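So for the sequence shown, my numbering puts the first residue at 27; every next one is plus one.
All residues carry an ideal CB built from backbone N, CA and C; glycine is no exception.
Since we're looking at a predicted model, the values are computed, not measured.
Notes to accompany the following structure.
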Amino acid sequence: MVRLKTNVLPMDTNLKTDSEEIGIRNIADYIGRVEQYIQARSEKQYLAVFRGEPRMYPTPCRPGLFRNDALTKNKFFEKNLFDAMRQSKLTGETRYLDNAIDAQHGEFPSRLLDVSYNCLIALYFAVTPYYHQEEDESDGEDGMVFVFFIDEIFSPSAENINDNYNAIINRDREWTRSRLFCKNHKFIDHIKLGPRIIAQQGAFILFQGDMAEDLPKGMYYGIRIPGKSKKILREQLKRLFGIHTGSIYPETINLVKDLTHKSGWINTRPYSCENELRYALRQMERELDYYLDYSVSQARIRNGASESGEAYDERLRNVLGQVERVINGYREGLIYFVRDRRTWKEEGIEESRLRAVLSEYNGQLREFSDRMAFHGCGALAWDALRIEGDPER
27 MVRLKTNVLP
37 MDTNLKTDSE
47 EIGIRNIADY
57 IGRVEQYIQA
67 RSEKQYLAVF
77 RGEPRMYPTP
87 CRPGLFRNDA
97 LTKNKFFEKN
107 LFDAMRQSKL
117 TGETRYLDNA
127 IDAQHGEFPS
137 RLLDVSYNCL
147 IALYFAVTPY
157 YHQEEDESDG
167 EDGMVFVFFI
177 DEIFSPSAEN
187 INDNYNAIIN
197 RDREWTRSRL
207 FCKNHKFIDH
217 IKLGPRIIAQ
227 QGAFILFQGD
237 MAEDLPKGMY
247 YGIRIPGKSK
257 KILREQLKRL
267 FGIHTGSIYP
277 ETINLVKDLT
287 HKSGWINTRP
297 YSCENELRYA
307 LRQMERELDY
317 YLDYSVSQAR
327 IRNGASESGE
337 AYDERLRNVL
347 GQVERVINGY
357 REGLIYFVRD
367 RRTWKEEGIE
377 ESRLRAVLSE
387 YNGQLREFSD
397 RMAFHGCGAL
407 AWDALRIEGD
417 PER
């Protein structure tokens, strides 16, 4: 069910307005901005995690595996890499997910995106390039910190996420390669004893599929870190919090676990075709929630401002167009899934349960359309986006 929240903030771009610069100048500015975003999401319980990048990349938040064409050249690249790591004693683990975590921090490409529970650790990565480079090498460029809001956790020791990861690596279940499941970005907590991950208070977001699907806009905000502020931010991180290159990449450190706060979000559902489909629908629900909030906030601004009706209508049309493109991505994913499943060797999901999933998709769409209309935010192209009858015909 789409739930309306209030005071949802737009993506932060820190643009200059006239002679005043809205930007991050010091740690206090940064913490204030993070707190502002967390407060904007306070009506629903979320777990906030963070990621810093030293440059504003054209495609931010991309795991290393998708920044080259390794999978295009060899679909079994990851499996071959992990097997070679085991043979060379670069990992002592027997599970592919553990191998991927070792690969990630051994500077090998993986489909895991690093995030941190600590917003100051993320800031360190936004103001400091990788430790093989000089600390001030990227000071002439703006960086970014991304604030992710998570409401579902997968434990790396649980069977479901390991089954999930094994299916990706072994490529032995045809239904797992459905383009729809590329949208199933999953947050993986990290309890593995490893000095670097402990120091960085790290966790991961898993990207499924052979191509990287963009993270949903409603999942995160971005905070732009001006290049000219990086030096003072690095100095403050070190002086006030003891965060510097030596602490981020330590040899050893004592492990202190705090699992109680996170336990409520841990996903324990078995890995199955049906649960993957329903996970995709929950992803769609989150995206629709985001766009509903944004559209309602724009309507409120319009009601209290002197903006012309033409400008507001144009902005609303743009929002509706974006929403319909997002929904259509899920719609096409479901249709292709139904079409392709006849060619699979195994039974991915029973017919009746698949119909229930399609019905749930239509129900989410109807509710979203009704709420948009209720708040005066325009009419969704409901007839074109719903799934009727048998999509195979």
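Distance between Leu232 and Tyr191 (C-alpha atoms, nearest Å)
9 Å
DSSP three-state call for Glu133: helix, strand or coil?
coil
Neighbourhood of Glu163 by C-beta, 8 Å cutoff - its chain only, sequence neighbours within 5 removed
Pro155
Along the chain, where does the alpha helix (DSSP H) that runs through Leu263 open and close?
Lys256 to Phe267
Buried or exposed, going by whether 16 or more other CB atoms sit within 10 Å of the CB of Met398?
buried
Among Val364, Leu138 and Asp236, whose alpha-carbon lies nearest the alpha-carbon of Lys99?
Asp236
Use the C-beta contact count for Asn125: other C-beta atoms within 10 angstroms, 16 or more gives buried, fewer gives exposed.
buried
Just verifying my parser: in three-state terms, what is the DSSP assignment at Phe180?
strand
Looking only at C-alpha atoms, which of Ala110, Leu139 and His216 sits nearest to Ser179?
First, the residue type needs correcting, since residue 179 is Ile and not Ser in the sequence shown. Checked all of Ala110, Leu139 and His216; the closest Cα to Ile179 is His216.
Measuring CB to CB, does Leu411 end up less than 9 Å from Glu350?
yes
Tell me whether the beta-carbon of Gly228 lies closer than 9 Å to the beta-carbon of Gly169.
no
Tyr56: first and last residue of the uninterrupted beta strand (DSSP E) it sits in
Not the beta strand (DSSP E): Tyr56 falls in the alpha helix (DSSP H), residues Ile53 to Ala66.
By a C-beta neighbour count over all protein chains shown, 10 Å radius and 16 as the cutoff for buried, is Phe151 buried or exposed?
buried
Coil, strand or helix - Ile251 by DSSP:
strand
So, for Asn322: in the same chain, excluding its five sequence neighbours on each side, which residues have a beta-carbon less than 6 Å away from its beta-carbon?
With the sequence shown as reference, residue 322 is identified as Val, and Asn is not the correct amino acid for it. These residues qualify, in order along the chain: His401.
Inspect the CB distances between the region 125 to 135 and the region 90 to 107 and report whether three or more fall short of 8 Å.
yes
Measure the beta-carbon distance from Arg295 to Asn186 and round it to whole angstroms, keeping in mind my assumption that it falls under 8 Å.
6 Å
Note down the Cα distance separating Arg81 from Ser378, rounded to an integer number of angstroms.
48 Å
Ignore the nearest five residues each way along the sequence and tell me which others in Lys256's own chain have a CB closer than 6 Å to its CB.
Val153 and Asp165
Can you say whether Glu302 is buried or exposed, counting buried as having 16 or more other CB atoms within 10 angstroms of its CB?
buried
Please classify Lys243: does DSSP put it in a helix, a strand, or coil?
helix
When the Cα of Gly355 is compared with those of Phe207, Pro84, Ile194 and Trp201, which residue comes out closest?
Phe207
Is it the case that the Cβ atoms of Gln348 and Tyr338 are separated by a distance below 9 Å?
no
Could you check which residue in Leu391, Ser298 and Arg203 has the C-alpha nearest to that of Tyr317?
Leu391
Other residues of its chain near Asn52: CB distance less than 8 Å, five sequence neighbours each side excluded:
Ser255, Ile258, Leu259 and Gln262
Going by alpha carbons, who is nearest to Gly272 out of Ile147, Asp198 and Arg197?
Ile147
Measuring alpha carbon to alpha carbon, tell me which of Thr85, Gly404 and Lys101 ends up nearest Arg343.
Gly404
With the cut-off set at 9 Å, would you say Arg357 and Tyr320 are in Cβ contact?
no
Which two residues bound the contiguous alpha helix (DSSP H) that contains Asp168?
No alpha helix (DSSP H) contains Asp168, which DSSP labels as neither H nor E.
Span of the beta strand (DSSP E) holding Phe102?
Element bounds for Phe102: n/a, residue is neither H nor E.
Which value, in whole angstroms, describes the spacing of the CA atoms of Gln71 and Val173?
15 Å
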